[in-house]
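Report on one structure; see the data block that follows.
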Amino acid sequence: MTPGKEIAADAKGLPAELRTGALTLEIGRHGIDAFAEATERLRSGEAIGKVVLDLG
4 MTPGKEIAAD AKGLPAELRT GALTLEIGRH GIDAFAEATE RLRSGEAIGK VVLDLG
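Pasting the structure below:
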């Protein structure tokens, strides 16, 4: 099996794992005043999961 096919096989199970809660995604929330920090975390690869900028 090639690496691409192995990854594709693993990826097929992700939606079900997300629905059941077996897999979760980390969400980092930042206020508008922390825009520069949030951007740097994305650029450096330090951010894991999603980064959300809260404008409220």
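Going letter by letter, the sequence shown gives residues 4 to 59 in the working numbering.
Built from N, CA and C at the ideal position, the CB exists for glycine as well.
Note that the coordinates shown come from a computational prediction; the quantities given were computed from them, not determined experimentally.
Burial of Ala41 is indicated by the presence of at least 16 other C-beta atoms within 10 angstroms of its C-beta.
Between Arg32 and Asp13, the C-beta spacing is not below 7 Å.
Rounded to whole angstroms, the gap between the alpha carbons of Pro6 and Gly59 is 43 Å. In the same chain as Leu21, and ignoring 5 residues on each side of it, the C-beta atoms closer than 8 Å to its own belong to Thr27 and Leu28, in chain order.
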